[in-house]
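Trainee:
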Amino acid sequence: MLNNIRWLVPAKHGGESGEDREIVVSSRIRLARNLSDFPFDIKLKVKDSERLLQLSRSVIERDCSGQYVDMKELTPLERESLLECHLISPAFLKMNKPAGLYLNEHGNISIMINEEDHLRIQGLTGGLNLTDISAQVFECEEEIGEDLEYAFDEAYGFLTSCPTNLGTGLRASVLLHLPGLVFTNEVEKVLRGALQIGMAVRGLYGEGSEIKGSLFQISNQHTLGLKEEELIQTIIKLTHMIVDVEMKARDAIFTKAKHEFEDKIFRSLAVLRSARIISTDETLNLLSALRFGIGTGTIKDVSLDVVNEIMLVARPANIQLYFGQILEEHERDIRRAEYIREKLTASNNI
Amino acid sequence: MLCDDCKKKPATIFFKEVLPGKITELHLCEACAQKRGLMMDKKLSPFELLQKLLQKRSAKDEQVICQVCYLSLAEFKRQGRFGCSHCIEHFRPHIENLIKQIHHSSKHVGRRPKQGARKSFKVFKLREELRRALEKEAYEEAAQIRDRLKDFGVDDAE
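In the order they appear, the protein sequences are chains L and B.
Per the working numbering, the first sequence starts with residue 1, numbered consecutively.
Per the working numbering, the second sequence starts with residue 1001, numbered consecutively.
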């Protein structure tokens, strides 16, 4: 059973230590690269995509230590789980040609082969930690670049399938938990500010996804004309700024309505500890209150690691892999409640 | 500071217009900035902007074709995707504006692939390109290729 979820454990969303962990859930860096000798996605024939897959795989396996996953050997559930773990993109799920995924041994670096771009190298880590994770991603990119020639143009930099990724091919993003700003109704203003300076704001699962559990994803939109470090620094600075206003909003809430919020936080914990049937959305919302409670010091007997783990494992495909069986929605809600109760009781005993 | 217009709400938007001989500075609240039309309702993302710009089509687009993967400019505009690493070379004059509008820039300043990587292979490829350029008497192109060869420390005068 654990074999099925081999990527779940190391890639524990937010499991590693970065700055401001209760507000910055995770940091992510993605690089888009194409090989100059192969046609791009829309012109890539199945035969060529197989050749590309084999070539990339042999180079990556030689240069980096980790495991390779052939997408066609995975069950739909396992593929869905990779998406829930943010290790692959929604577009990658829909690719109808040979595709593979490489995961390094720590589970924080993944490479999608044959996505819209030949290679999508991604680093994912907990807290605000863009500097470290980007260093690791660039190291990996350079290693591969010694053996494979990346498509590059003097004016437009690294060439990508879509013109919006030209240049650095870099997308840096942070997943932020902003309940304070949501409660004080300031979140829209803050996020609009981010939009004005050229950042994109999205829900938990990227493009087009709904905003759930006070979680927001912020990323750069422009990839050309700025250095990678500048793009990353802009996101870091903006994140620091948002963390500051979020902290102020939390202070304001607690000055005004301490008991009401403590009540909300403890009730959320009580529901999570007692529920017998619970949906993913309800879990996300209650976890949001719990995370808030840990951040404000209201809750002391549950760790952020446990919250992060539940946030990941409670998702529809992951919970089925966790129990090692296909579950219908209703059954899933029952088993999810069971899993959460167990997790929160266990952490209570520590 | 209060809004210059309504003098009631706090000013959250600072607007500065610089014209020859005249600088206007305004401190406004959001509502008043909106009234003056200074706030963009919604900024288009690069992706949305791309979709919009790709709508501008011309009958000549069918005739502009990438000589390597045979993607036409018309098809590029339909799909919004390049077909290979050479499309840029063949579409360059037609898409310069588009890229500039999406990224507010037309020059990559970031990292480069390691020059040391497979240098001999790259030099080989450039020499091939140079040979082809000279064959079709495209001297300007040949000069550009020679410059690129010089970047590798190769001085090809042939």
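Cβ atoms here follow ideal geometry from the backbone N, Cα and C, with glycine treated the same way.
These numbers were taken from a predicted model, which means no experiment stands behind them.
1) Looking only at C-alpha atoms, which of 86/L, 143/L, 64/L, 170/L sits nearest to residue 1165/B?
2) Alpha carbon to alpha carbon, how far is residue 313/L from residue 1106/B? Give it in angstroms, no decimals.
3) Does the distance between the C-beta of residue 1131/B and the nearest non-hydrogen atom of the ligand MG fall short of 7 Å?
4) What do you get for residue 1139/B, buried or exposed, if any count of 16 or more other CB atoms within 10 angstroms of its CB means buried?
5) Mind pulling the chain L residues with CB within less than 7 Å of residue 1107/B?
6) Taking only beta-carbon atoms, is residue 1069/B less than 8 Å away from chain L?
7) Against chain B, with Cβ distances strictly below 8 Å, would residue 222/L count as a contact?
8) Any contact of the region 1081-1099 of chain B with the region 150-160 of chain L, i.e. 3+ C-beta pairs under 8 Å?
9) When you compare the CB of residue 194/L with every CB in chain B, is at least one pair closer than 8 Å?
10) Using 10 angstroms around the beta-carbon of residue 1024/B, count the other beta-carbons present and answer buried if the total reaches 16, otherwise exposed.
11) Run through the DSSP bridge pairs and tell me what residue 28/L is partnered with.
12) For residue 1144/B, report the span of its alpha helix (DSSP H) as first-last.
13) Evaluate residue 21/L with the Cβ neighbour count: other Cβ atoms within 10 Å of its Cβ, from every protein chain shown; 16 or more gives buried, anything less gives exposed.
14) Examine chain L for any beta-carbon lying closer than 8 Å to the beta-carbon of residue 1079/B, and answer yes or no.
15) Is there at least one Cβ from chain B nearer than 8 Å to residue 131/L's Cβ?
16) What three-state label does DSSP hand residue 1012/B in the structure shown?
17) Taking C-beta to C-beta, are residue 144/L and residue 108/L nearer than 8 Å?
18) How far does the alpha helix (DSSP H) with residue 296/L in it extend, from its first residue to its last?
19) Assess contact between the region 1129-1138 of chain B and the region 191-205 of chain L, defined as three or more Cβ pairs (one per stretch) separated by less than 8 Å. Is contact present?
20) Closer than 6 Å by C-beta to residue 276/L: which residues in its own chain qualify, once you throw out the five before and the five after it? Chain order, please.
21) Check this for me: beta carbons of residue 35/L and residue 53/L, under 8 Å apart or not?
22) Return the first residue and the last residue of the alpha helix (DSSP H) that residue 1022/B is part of.
23) On the premise that residue 1027/B lies in contact with residue 1004/B, defined as a C-beta separation below 8 Å, what is that separation, rounded to the nearest angstrom?
24) Among all the DSSP beta bridges, which residues are the ones paired with residue 1072/B?
25) Mind listing the chain L neighbours of residue 1021/B? Cutoff is C-beta to C-beta under 7 Å, in chain order.
26) Which term fits residue 70/L, buried or exposed, when burial requires 16 or more other beta carbons within 10 angstroms of its beta carbon?
27) Output, in chain order, the set of chain L residues within a Cβ distance shorter than 7 Å of residue 1145/B.
28) Residue 1053/B and residue 164/L - do their beta-carbons sit closer together than 8 Å?
29) Which same chain residues end up closer than 7 Å to residue 222/L when comparing Cβ atoms and leaving out the 5 residues on each side of it in sequence?
30) Closer than 7 Å, Cβ to any Cβ of chain B: which residues of the region 153-183 of chain L, in chain order?
31) Taking buried to mean at least 16 other C-beta atoms within 10 Å of its own C-beta, is residue 259/L buried or exposed?
32) If we count the other Cβ atoms within 10 Å of its Cβ and call it buried at 16 or more, is residue 1031/B buried or exposed?
33) Would you say residue 1050/B faces chain L, with C-beta separation under 8 Å as the test?
34) By the three-class DSSP mapping on this structure, what secondary structure does residue 233/L have?
Mentor: Reading from the atomic positions:
1) Residue 1165/B falls outside the range modelled here, since chain B spans only 1001 to 1158, and no answer is possible.
2) For residue 1106/B and residue 313/L, the distance between alpha carbons rounds to 44 Å.
3) As far as ligands go, the structure on display features none, and thus does not contain the ligand MG.
4) The residue is exposed, with fewer than 16 neighbouring Cβ atoms inside 10 Å.
5) Those within 7 Å of residue 1107/B in chain L are 155, 225.
6) Residue 1069/B counts as touching chain L.
7) Chain B contact via Cβ: present.
8) Touching, yes.
9) Not closer than 8 Å to any Cβ of chain B, the Cβ of residue 194/L fails to qualify, so no.
10) Its Cβ having fewer than 16 others within 10 Å, residue 1024/B is exposed.
11) Bridge partners of residue 28/L: 124/L, 173/L.
12) It spans 1139-1151 - the alpha helix (DSSP H) in which residue 1144/B sits, taken as one unbroken run.
13) Buried.
14) Yes, contact with chain L.
15) No Cβ of chain B is located within less than 8 Å of the beta carbon of residue 131/L.
16) Residue 1012/B falls in the coil class under three-state DSSP.
17) In this structure, residue 144/L sits away from residue 108/L, with a CB-CB distance that is not shorter than 8 Å.
18) Bounds of any alpha helix (DSSP H) do not take in residue 296/L, whose DSSP letter is neither H nor E.
19) No, the region 1129-1138 of chain B is not in contact with the region 191-205 of chain L.
20) The residues are 337.
21) Cβ distance not < 8 Å, so residue 35/L and residue 53/L don't count as in contact.
22) The continuous stretches of alpha helix (DSSP H) do not include residue 1022/B, which lies in the beta strand (DSSP E) extending over residues 1022-1028.
23) Confirmed, Cβ separation roughly 5 Å.
24) 1065/B, per the DSSP bridge assignment.
25) Chain-order list of chain L residues neighbouring residue 1021/B: empty, with the shortest C-beta distance near 29 Å, by a criterion of under 7 Å.
26) When all chains shown are included, residue 70/L counts as exposed.
27) Those within 7 Å of residue 1145/B in chain L number zero; the least Cβ separation is about 12 Å.
28) No, Cβ-Cβ distance for residue 164/L and residue 1053/B is not below 8 Å.
29) In chain order, 198 place their CB closer than 7 Å to the CB of residue 222/L, counting only its own chain and leaving out the 5 sequence neighbours on each side.
30) Legend: CB atoms of the region 153-183 of chain L lying less than 7 Å from CB atoms of chain B belong to residues 153, 155, 156, 157, 159, 161, 162, 163, 164, 166, 167, 168.
31) With fewer than 16 Cβ atoms within 10 Å of its Cβ, residue 259/L is classed as exposed.
32) Note on residue 1031/B: under 16 other CB atoms within 10 angstroms of its CB, so exposed under the neighbour-count rule.
33) Chain L, which has a Cβ nearer than 8 Å to the Cβ of residue 1050/B, makes this yes.
34) In this structure, residue 233/L counts as helix in the three-state DSSP scheme.
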